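Some notes on the structure that comes next.
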Amino acid sequence: MVHVSMAVNGRPASADVDSRTLLVQFLRENLRLTGTHVGCDTSQCGACVVHVDGRAIKSCTVLAASCEGAQVTTIEGLATGGKLHPMQQAFQDNHGLQCGFCTPGMIMASVDLVNRLGPSLDEATIRHGLEGNICRCTGYHNIVKSIVQGAREMGAAATPQAAE
Amino acid sequence: MGVTALGASVKRTEDIRFITGKGHYVDDVNRHGQAFACFLRSPHAHATIDRIDFSAALKAPGVVAVFTGDDIAADKVGGLICGWMIHSKDGSPMKAGAHPALAQGKVRYVGDHVAVVIADTYAQARDAAEKIEVQYTELPAVADTASAAKSGQAQIHDAAPGNTVYNWHLGDKAATDAAFAAAKHVTKLDLVNNRLIPNPMEPRAAVGDYDSGTDTITLYTTSQNPHVARLVLSAFIGLAPEHKLRVIAPDVGGGFGSKIFIYAEETVCAWAAKKIDRPVKWTSDRTEAFLSDAHGRDHVTHAELALDAGGKITGLRVHTIANLGAYLSTFASSVPTYLYGTLLSGQYNIPNIYCEVDAVYTNTAPVDAYRGAGRPEAAFVIERMVEVAARETGRDPAEFRRTNFVTAFPHQTPVIMAYDAGDFPKALDKALALADYKGLPARKAASAAKGKLRGIGISAYIEACGIAPSAAVGSLGAGVGLWESAEVRVNPIGTVEVLTGSHSHGQGHETTFAQLVSSRLGIPMENVSIVHGDTDKVQMGMGTYGSRSGAVGMSAIFKALDKIEAKAKKVAGHCLEASEGDIEFKDGKFTVKGTDKSIDFGSVALQAYVAHKFNGQELEPGLKESAFWDPTNFTFPAGVHICELEIDPQTGAVTIDRWTAVDDFGKLINPMIVEGQVHGGIAQGVGQALLEGAHYDNDGQLLTASFMDYCMPRADNLPSFKIETIETVCPSNPLGIKGCGEAGAIASPPAVINALTDALGHEEVAMPATPQVVWRAAQKTMMKRAAE
Amino acid sequence: MYAFEYHRPQTLSGAAADLAKPDAKALAGGMTLLPTMKQRLASPAALIDLKNVQELTGIAREGDSLVIGAMTRHAEVARSKDVETAIPALASLAGLIGDPHVRNMGTIGGSLANNDPAADYPAAALALGATIVTDKRRIEAKDFFTGLFETALEPGELITKVSFPIPQKAAYMKFRNPASRYAMVGVFVAKTAAGVRVAVTGAGSSGVFRAEPFEAALNTNFSPSALEGVSVPASGLNSDIHADADYRAHLIGVMARRAVEAAA
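Chains as they are written, first to last, in my numbering: chain A, 1 to 164; chain B, 165 to 952; chain C, 953 to 1216.
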């Protein structure tokens, strides 16, 4: 067993866990933050993407123990003060989701994309930037539209969004 | 807070929980005291099980129980079933081998279920599963579709000699042969419809929970049709009588057909929960999903098309070998027969069709319905055939199609289906204009100047959806009826709950169904909730697949709303002191004809429950109605998809440059959601054509058992799509809906392959046309062009 | 995963001590190790997490070389101004590894130590003539990669940094496996004072290798046209369901030409 403590969505979280516990297991099973999903075993689908210290990572491929002291943001922590994050709103506005299973990872990856590359993103950049996220429902068309809107609105917002 | 009309692209109400991480999927279900199941799976494609020693596993930390097929058999729990009886052409019933939930004496594919370990944690269960010693005697395996029935192959089930499940046929052989004898031109093609693995992003999961106080089992499961699951688990598998078995399918993360079926794992979790009197949870990992989810497609076909001198199609002859895998999954037998042969006429007037299908067992995962189920295979055959026939006879592929289109409705095809409405030339014209078909030569030249090969491909598809009239499918062998149910409960303050037997796993029913209620009752969508996916709440239903939830599910709601309106008019009549026949209902208001006396819907609802204004002996209090809708025909969505792509002949890389679709889905409830369904379908079809293929080696080992080797479409494999619709109203349901869920997946593979072969100067390519496949073909094309 | 002990040393010497434990394995970014362990294909008794070892981080220009700490993440290399200035091809290569989330975790040291036959960094190291610096010695790239997933590293030996001599020109071209997005063929071309080196990853049945016929041709004339009619034999190349050896041999030629074009 190892002791881990981190801040998840701004709240302290700690536990004694089996050393093999992955971050996603810690989030889902210890903290019952079940918005972060597991869709594959090979670090490809991206359903598990969260932000650790401001960077998007695949929480199925990092040990909880390695996140000691980290600031973790999950999909549950993206909306602030009862208001959806612009990227969340954009996904609803543009029908950027169907079954919703890939959506949390997709939104977290999209926010990271804008954090890295700024609010003016062309279609090719967005499609390339989604390399680490698989969606089986939408054909990506509306996800791309969602990100264009979400990026623009993140840019328009005065304060930096999430995961900072 | 107004009324939402049908045809409005309103945002989805269910999205809020999904975008905030509050969706509730089966793996999010945790029951107090739950244990975890890990399935020991066969590493061999074909072997006898000589001995299983699980004594060491039983002693491993945290282990609660280990069960094998013997334990299930001892409890008289039956095997998994196939619910559609197909008869061979000689009249004999299909030959089905037993399908135990846990293997008994023999394993028949890699991933077959040998034993289950249940422990306090999943890690412990998996650790212990590795301590089980199984002594196998390996048998020769057969994985190849085309040769499975040949003599000398390993025999998979004693009940099915020659690994043959059935030799089915449809159509008039003699008439078709005569048409070919008289033909001016015959086009022949060998086609492989590649095997696919559905891969919804949410892996399957199940939680069995037993309440000994009431002797009731609750099963949470990733199902597209929880009532069918309960029916099968109860009536056929014998887990518990229906009133002691509750099946809940909460949020389900995509299905595409693969979650229709009743699987071993959910059966075992439900059974074991009672056995150990403790909740049992299982969540598939992706590798297990690859190995044991039902796969799709896998046809090997030879087809021939007969033309007369004027370019009219006079006959179609098709022979298909369909791989059904190692066991018959729930609806496996229907897919390559009545969902396939019946659509071979496409959008064309083909007077003579004869189709033979040999269904075979192989040592591979079971094969069953996957998005489109039989109809993509049919569309691929006919759309490849007409394309090649047009090219062979020097005709423009678009004009060749137009020459042969069905233009008068209703149209009876020679293969059962009676098309009821459509306008095929209109969709074609619109699609050609949107795709700038005329501008293609210039674009081809521009590509050639860059050293690239450009091609265009048309696919004019039709499908049969809304499955289906119960008596009709019963006569074809279905074990169930395919109606749908609805119950509309109006609460005393006028809010509404709709209980539906349809199940949403991405389709947006909570929005579209609420739109229907809102527009019909004149109340805001916010006042409507849609309840589905729980057999304790919804009495009975047939679930969601075959693009049926709009055409069938919403028609049931429509019918229940008719009854609500009729009842409410009676109540309103008493309130307004007028006779029922003088009451009109419009915009949420009941009005006495020709007067300004009116009462709104909410007030009528309240009066229905307080029952002060009428005699409770003459008119029952309350406002709640239910309905079952049995369709009178299949529905026939149809349309034209056009793919334009560019090949880099140096590497074989393919870039889809533009995609145009014009679909006829009848009336649309929510165009935004309809378009989303088309987008997703196209992506899956492009995946089939260019990227995805399940590949077993000769020993029956699955070589594509993870996303590392099975190529899922990603964002940069696809363009944005140009999607438009035309509308011919469906005459067989009150809403005029045809269905849209599968169209993209049905239309797109032939569009891509027709475009590729156009770019390649008619050089044939197999699916998936990976860079390697395309490069090889492009070498030939370039050599031919150099020689010219 | 099988159970293991977890250690998180703060210093290089602490890491070395931890790695001396029986069956201990270093955890860098974990992008290959953790998936392998999840599939129960590896079962180290202890994982030594290097994330807090400061001596292993940093990117610096040192004379005619670019030196990158072993724990430097791919994303850091991809966006580093120093790398972009000194060896833009290396920044570009780092930006092509995996996906954005993988690049935020995966490290150059981990990639080299793992020596996956489809990894990108080995091609850069070999073509640029890098020196792999460990806590015990310096190893030339040509001596470092010894076979599939095999390197010259001794048990317990840890890569601390990698030193890349700055080339005159370089470029990396990669044709991806459509499914895994690893290199099905990746070709790194570097023109240095000592001559041209062409290293190929993703294709060789024993891992990264140098395409000597291409080097000879490019040493005479560093242009794409120099490679016309020159090829790498298909024997010794991988064949799998995605690409057979002939196709890979062909792609090596195409990627090499495109790399020379990009570098020239």
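No residue lacks a Cβ here, since even glycine has one placed at the ideal position from N, Cα and C.
Here the structure is a predicted model, which means the values were calculated and not measured.
Is it buried or exposed, residue 462 of chain B, if we count other Cβ atoms within 10 angstroms and call 16 or more buried?
Flag for residue 462 of chain B reads buried.
Can you say whether residue 694 of chain B is buried or exposed, counting buried as having 16 or more other CB atoms within 10 angstroms of its CB?
Buried is the call here.
Looking at the structure shown, is residue 762 of chain B part of a helix, part of a strand, or coil, going by DSSP?
Residue 762 of chain B: strand per DSSP, three-state reduction.
Which bits of chain B does residue 1193 of chain C rub up against, with CB to CB less than 8 Å?
Those are 859, 867, 868 and 873, listed as they occur along chain B.
Would you verify that the beta carbon of residue 847 of chain B is, or is not, closer than 7 Å to some beta carbon of chain A?
Cβ-Cβ to chain A under 7 Å: yes for residue 847 of chain B.
What does residue 1117 of chain C pair with, by DSSP beta-bridge criteria?
The partner list for residue 1117 of chain C (beta bridge, DSSP) reads C:1017.
Leaving out five residues before and five after residue 865 of chain B in sequence, what residues of the same chain have Cβ atoms less than 8 Å from its Cβ?
209 and 274.
Using 7 Å as the limit for Cβ to Cβ distance, is residue 175 of chain B near chain A?
For residue 175 of chain B, the answer is yes, since a Cβ of chain A falls inside 7 Å of its Cβ.
Starting from residue 1199 of chain C, trace the alpha helix (DSSP H) in both directions and tell me its first and last residue.
For residue 1199 of chain C, the enclosing alpha helix (DSSP H) begins and ends at 1197 to 1215.
Take residue 731 of chain B and list the residues in its own chain whose beta-carbon comes closer than 7 Å to its own, dropping the five residues that flank it on each side.
787 and 789.
Considering only the beta carbon of each residue, do residue 119 of chain A and residue 151 of chain A sit closer than 7 Å?
Contact: yes.
So, residue 332 of chain B versus residue 641 of chain B, is the Cβ gap smaller than 7 Å?
Between residue 332 of chain B and residue 641 of chain B, the C-beta gap is not smaller than 7 Å, which leaves the two residues out of contact.
With 7 Å as the C-beta to C-beta threshold (strictly closer), list the residues of the stretch 1123 to 1135 of chain C near chain B in chain order.
For the stretch 1123 to 1135 of chain C, which is checked against every Cβ of chain B, the residues closer than 7 Å are 1127, 1130, 1131 and 1132.
Exposed unless 16 or more other CB atoms sit within 10 angstroms - verdict on residue 547 of chain B:
Burial call: buried.
Distance between residue 629 of chain B and residue 635 of chain B (C-alpha atoms, nearest Å)
Between residue 635 of chain B and residue 629 of chain B, the C-alpha separation is close to 16 Å.
Do residue 1000 of chain C and residue 1061 of chain C come within 7 Å of each other at the CB atom, strictly closer than that value?
Result no, Cβ atoms of residue 1061 of chain C and residue 1000 of chain C do not sit closer than 7 Å.
Hey, does residue 1069 of chain C have any beta-carbon neighbour from chain A nearer than 7 Å?
No, because no Cβ of chain A sits closer than 7 Å to the Cβ of residue 1069 of chain C.
Let me check one thing: in DSSP terms, what residues is residue 63 of chain A bridge-paired to?
Bridge partners of residue 63 of chain A: A:22.
Take the Cβ of residue 258 of chain B as the centre, count every other Cβ of all protein chains shown within 10 Å, and call the residue buried at 16 or more, exposed below.
By the 10 Å Cβ count, residue 258 of chain B comes out buried.
Using a C-beta cutoff of 7 Å, does residue 932 of chain B count as contacting chain A?
False, the Cβ-Cβ gap to chain A never drops below 7 Å.
Using CA coordinates, which residue listed in C:1209, C:973 and C:1191 is at the minimum distance from residue 1173 of chain C?
It is C:1209.
Grab the span of the alpha helix (DSSP H) containing residue 947 of chain B for me, first residue to last.
Run containing residue 947 of chain B: 935 to 951, per the alpha helix (DSSP H) assignment.
Which of helix, strand or coil does DSSP assign to residue 875 of chain B?
Residue state, collapsed to three classes: coil.
How is the beta strand (DSSP E) around residue 1151 of chain C delimited, first residue to last?
That run of the beta strand (DSSP E) goes 1147 to 1153.
Contacts that residue 669 of chain B makes with chain A (C-beta to C-beta distance below 8 Å):
Within chain A, the residues whose beta carbon sits less than 8 Å from that of residue 669 of chain B are 99, listed in sequence order.
Find the residues of chain A that neighbour residue 186 of chain B, judging by a C-beta separation of less than 8 Å, and give them in chain order.
By Cβ distance, chain A contributes 35 and 76.
If contact means a Cβ-Cβ distance below 7 Å, which residues of the stretch 815 to 839 of chain B contact chain C?
When CB distances to chain C are screened at a threshold of 7 Å, the residues of the stretch 815 to 839 of chain B falling below it are 815, in chain order.
What whole-angstrom Cβ distance do residue 39 of chain A and residue 99 of chain A have, given they're in contact under 8 Å?
Contact flag wrong, Cβ pair sits at about 11 Å.
Which residues, taken in chain order from the stretch 1044 to 1068 of chain C, show a beta carbon closer than 8 Å to some beta carbon of chain E?
The structure shown contains no chain E; its protein chains are A, B and C.
For residue 989 of chain C, the three-state DSSP class (helix, strand or coil):
Helix, per DSSP.
Does the beta carbon of residue 284 of chain B sit closer than 7 Å to a beta carbon anywhere in chain A?
It does not; no Cβ of chain A falls within 7 Å.
Taking just the CA atoms, how far does residue 125 of chain A sit from residue 575 of chain B?
The alpha-carbon separation between residue 575 of chain B and residue 125 of chain A amounts to approximately 48 Å.
What's the gap between the Cα of residue 500 of chain B and the Cα of residue 240 of chain B?
A straight-line Cα-Cα distance of about 32 Å links residue 500 of chain B and residue 240 of chain B.
Which bits of chain B does residue 1203 of chain C rub up against, with CB to CB less than 8 Å?
Residues of chain B with a Cβ closer than 8 Å to the Cβ of residue 1203 of chain C are, in chain order, 815.
Let me check one thing: in DSSP terms, what residues is residue 651 of chain B bridge-paired to?
Partner(s): B:663 and B:790.
Compare the Cα-Cα distances from residue 882 of chain B to each of A:138, A:147 and A:154 and report the closest residue.
Out of A:138, A:147 and A:154, A:138 has the C-alpha closest to the C-alpha of residue 882 of chain B.
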